[in-house]
Amino acid sequence: MTETSGETQLQRAGRWLALLPSLLAATVLFALMVMTFFDVILRSVANDPIESATELTRLFMAIMVFSALPVISWRGEHIVVDLLDPLFSAPLARIRDAIINLLSGALLMWPAFRVWALAERALNYGDVTEYLNIPQFYIAYFIALMTFLTSLALMARGLAYLFAPHLVHKAQSPSADSN
Amino acid sequence: MLTALIGFAAVLVLVFLRMPIAIAMALVGVVGYAYETSSRAAISMAGRLIIDTSQDYGLSVVPLFILMGLFVNKGGLSQELYRASHAFLGHFRGGLAMATIVACGGFSAICGSSLATAATMSKVAMPQMRKYNYSDELSTASIAAGGTLGILIPPSVILVIYGLLTETSIGKLFIAGILPGILGILFYLFAVRLTVARKPESGPAGERVAWPDRLDALKDVWFVIALFVLVIGGLYGLFNFPPLNLTFSPTEAAGMGAAGAFLIALLRGSLSVSSVKEVLIETAHTTASLFAVLIGAWIFSNFINLAGLPTALLELVTQWSVSPLAVIFMILLVYVILGCVFESLSMLLLTVPIFFPLVTSLGFDPVWFGIIVVVVTEISLITPPVGLNVFVLKGVLGDVSTGTIFRGTIPFWLADIVRLLILVLLPGLVLFLPNLMH
Numbered sequence: 028m029t030e031t032s033g034e035t036q037l038q039r040a041g042r043w044l045a046l047l048p049s050l051l052a053a054t055v056l057f058a059l060m061v062m063t064f065f066d067v068i069l070r071s072v073a074n075d076p077i078e079s080a081t082e083l084t085r086l087f088m089a090i091m092v093f094s095a096l097p098v099i100s101w102r103g104e105h106i107v108v109d110l111l112d113p114l115f116s117a118p119l120a121r122i123r124d125a126i127i128n129l130l131s132g133a134l135l136m137w138p139a140f141r142v143w144a145l146a147e148r149a150l151n152y153g154d155v156t157e158y159l160n161i162p163q164f165y166i167a168y169f170i171a172l173m174t175f176l177t178s179l180a181l182m183a184r185g186l187a188y189l190f191a192p193h194l195v196h197k198a199q200s201p202s203a204d205s206n
Numbered sequence: 277m278l279t280a281l282i283g284f285a286a287v288l289v290l291v292f293l294r295m296p297i298a299i300a301m302a303l304v305g306v307v308g309y310a311y312e313t314s315s316r317a318a319i320s321m322a323g324r325l326i327i328d329t330s331q332d333y334g335l336s337v338v339p340l341f342i343l344m345g346l347f348v349n350k351g352g353l354s355q356e357l358y359r360a361s362h363a364f365l366g367h368f369r370g371g372l373a374m375a376t377i378v379a380c381g382g383f384s385a386i387c388g389s390s391l392a393t394a395a396t397m398s399k400v401a402m403p404q405m406r407k408y409n410y411s412d413e414l415s416t417a418s419i420a421a422g423g424t425l426g427i428l429i430p431p432s433v434i435l436v437i438y439g440l441l442t443e444t445s446i447g448k449l450f451i452a453g454i455l456p457g458i459l460g461i462l463f464y465l466f467a468v469r470l471t472v473a474r475k476p477e478s479g480p481a482g483e484r485v486a487w488p489d490r491l492d493a494l495k496d497v498w499f500v501i502a503l504f505v506l507v508i509g510g511l512y513g514l515f516n517f518p519p520l521n522l523t524f525s526p527t528e529a530a531g532m533g534a535a536g537a538f539l540i541a542l543l544r545g546s547l548s549v550s551s552v553k554e555v556l557i558e559t560a561h562t563t564a565s566l567f568a569v570l571i572g573a574w575i576f577s578n579f580i581n582l583a584g585l586p587t588a589l590l591e592l593v594t595q596w597s598v599s600p601l602a603v604i605f606m607i608l609l610v611y612v613i614l615g616c617v618f619e620s621l622s623m624l625l626l627t628v629p630i631f632f633p634l635v636t637s638l639g640f641d642p643v644w645f646g647i648i649v650v651v652v653t654e655i656s657l658i659t660p661p662v663g664l665n666v667f668v669l670k671g672v673l674g675d676v677s678t679g680t681i682f683r684g685t686i687p688f689w690l691a692d693i694v695r696l697l698i699l700v701l702l703p704g705l706v707l708f709l710p711n712l713m714h
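Chains as they are written, first to last, in the numbering used here: chain Y, 28 to 206; chain E, 277 to 714.
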């Protein structure tokens, strides 16, 4: 592996891999904001709200949250309690983080399979949304797929702690914007 | 009840090992649920929650309010707020710290996050206070404490999550936060006066600003006022008259707020394509981490309810005939202790499923309890050892020790405790405004 400008090819690949879902999340979020704005304006001015706004909102939310989940899992942006950090020495912390991430990822496989099964069920039942007649199984499969990717991302992070610590982004401080 | 307590302890152990809180709560929730029913039922419950939570219409309010806060940040409105409050208060002893508190309060009215409020105001207020030789203790503490108002004065992300978790009206919770928030400002102002009365050198008076200049500074804050009136007024039903006929749902209020903040930032020329992209991605990431925790908390609370912890607590209280008010004080004590250890959102998500059924069955108002919980959470943000606001300031400033900041926050912390007692003993202060709503 050749190192150029402090960034390995693997890191660069990871950044590109994260870009697509991040852009998707950003786009649907912006669409959500614009749609809500026009829904309210149209309702007030023309008494003609966007009828499918509710189901589009639900769709956009799911796309946004689940495209972001694998990315934040790989980057270690989940909300954690870091109170006991001073008690762990650096090598010990590395082993701890490796185990915890591998375990978390492996455990997530179980619900991921369940969500996949629920998506299959939605496909068989042929459920569609109320206004736009979008088949429910699309979004269900998307959620299942992204849950799998989240699980893989966590396991990859765990492995990276063990074998390639330079790949692991420094964990950020817990949730910056909710508190 | 024993299973629930074991589950609670298991979550604590896992999160202290740095397992993401979302996964720790989900794991213990699923295992506990499986123990009470069957593993098939447990995993089905988890799978359904994963699919349904992300598509919950009510939850869309969360990313939109976060987005609004970030656009407001980019718009640079904090400078105008500080300039205006500085013009009116700067010539008092401790006046700059007082101006900081008021500006924080104003910023809280358009931002739903305490950490963002503290981080933003520190960049604006700190250089000014340094210029006038304010002590680091007073200046940092006034920002850290003033920043806590972010989650109480609407909009508030924490109140949204409490409302979603307990099915309490978000509109009423927001309106209920206004008076306690103003009370908070007044008490913090008093804490500043107290500090400079003890140590006059910590906050020397600045120059007096002439009235025409004061009025001039005031006219720059109209963006903030307009945004607040749009969002909170819309929720309250202020625009519900012909020809507008508008009352906002929380999602609509948040969407209008985000769009409004976006337009303001755009008008002021403070947005570029890349900064918009940055804001959107940050919002999406924060939302995803919040949703993960929410899903985990719901799984966990399904288990806690199934294991009968809230009912057991209620029986215990009835059996020992503890007075309802004593129960509240015990809960507050638990919060103050947990607040020393936990980040505020996790504390809320872990405890509300347990305490909320107990509190409401004792006849307390859910809106009132929400405000009380948020005020306790505010206190935890400036309580050592993990007062997050203090660490935000430390992160932004770098050259001040956390010990200094914590020492400075003592008068503010005491003011908070007094305010909490008042709100507990006089629920009318909280419930007056929401009860006027239809």
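For every residue, glycine included, the Cβ atom is placed at its ideal position computed from N, Cα and C. Quick caveat: nothing in here was measured; it's all calculated off a predicted structure.
What's the gap between the Cα of E:T636 and the Cα of E:I647? 14 Å
Proximal residues, the region 154-166 of chain Y versus chain E, C-beta separation under 9 Å: Against chain E - using a Cβ distance shorter than 9 Å - the residues of the region 154-166 of chain Y are I166.
Rounded to whole angstroms, what's the CA-CA distance from E:A535 to E:L542? Just pull it up for me. 10 Å
Could you work out which residue in E:M532, E:V610 and E:I446 is closest to E:M623 when comparing CA atoms only? E:V610
Status (buried if at least 16 other CB within 10 Å, exposed otherwise) for Y:Y188: buried
Where E:V694 falls: helix, strand or coil (DSSP): helix
Start-to-end residues for the alpha helix (DSSP H) that takes in E:Y438: V433 to T442
Which residues does DSSP pair with Y:P162 in a beta bridge? Y:V155
Name the residue from E:P431, E:S389, E:K407 and E:L449 whose alpha carbon lies nearest to the alpha carbon of E:A420. E:S389
Which one of Y:V72, Y:D75 and Y:F93 has the shortest CA to CA distance from E:T329? Y:F93
Y:D154 versus Y:G185: straight-line alpha-carbon distance, rounded: 38 Å
Would the region 77-85 of chain Y and the region 40-50 of chain Y be scored as touching if the rule is three or more Cβ pairs under 8 Å? With fewer than three CB-CB distances shorter than 8 Å, the region 77-85 of chain Y does not count as touching the region 40-50 of chain Y.
In the structure shown, what three-state DSSP assignment does Y:T54 receive? helix
Buried or exposed for E:M713, please, with buried defined as at least 16 other CB atoms from any protein chain shown within 10 angstroms of its CB. exposed
Would you call the CB atoms of E:M321 and Y:S131 closer than 9 Å? no
Would Y:A117 pass as a contact of E:I557 if the rule is Cβ separation under 9 Å? no
Going along chain Y in order, which residues have a C-beta closer than 9 Å to the C-beta of E:N521? R70, S71 and N74
Interface positions of the region 316-337 of chain E facing chain Y (Cβ-Cβ less than 8 Å), listed along the chain: I319, S320, A322, G323, R324, I326, I327, S330, Q331, D332, Y333, L335 and S336
Excluding five sequence neighbours on each side, which residues of the same chain lie with their C-beta closer than 8 Å to the C-beta of E:E654? S390, T424, L425, I427, L428, G460 and D692
With distance defined between alpha-carbon atoms, name the residue in E:C616, E:L634, E:G323 and E:L614 nearest to E:V603. E:L634
Consider the Cβ of E:P469: report whether some Cβ of chain Y lies at a distance smaller than 9 Å. Here the sequence assigns Arg to residue 469 of chain E, which means Pro is not the residue at that position. Closer than 9 Å: no.
Go ahead and pull the three-state DSSP assignment for E:T594. Correct three-state label for E:T594: helix.
Rounded to the nearest angstrom, what separates E:G509 and E:T444 at their Cα positions? 19 Å
E:A395 versus E:L669 - alpha carbon distance: 6 Å
So which residues of chain E does Y:A53 contact, with C-beta pairs closer than 7 Å? The contacting residues are K553, L556, I557 and A560.
Could you give the distance in angstroms between the alpha-carbon of Y:I166 and the alpha-carbon of Y:M91? 11 Å
Span of the alpha helix (DSSP H) around E:D412: D412 to T424
Classify Y:Y152: buried if its beta carbon has 16 or more other beta carbons within 10 angstroms, exposed otherwise. exposed
Output the boundary residues of the alpha helix (DSSP H) element that contains E:T471. I446 to R474
Is it a yes or a no for the region 373-383 of chain E touching the region 468-488 of chain E, going by three-plus beta-carbon pairs under 8 Å? yes
If I follow the unbroken alpha helix (DSSP H) through E:N581, where does it start and stop? V549 to L582
Spatial neighbours of E:A583 in its chain, beta-carbon cut-off 8 Å, leaving aside the 5 residues before and after: M277, T279, A280, G283, G308 and E312
Minimum Cβ-Cβ distance from Y:R39 to chain E less than 9 Å: no
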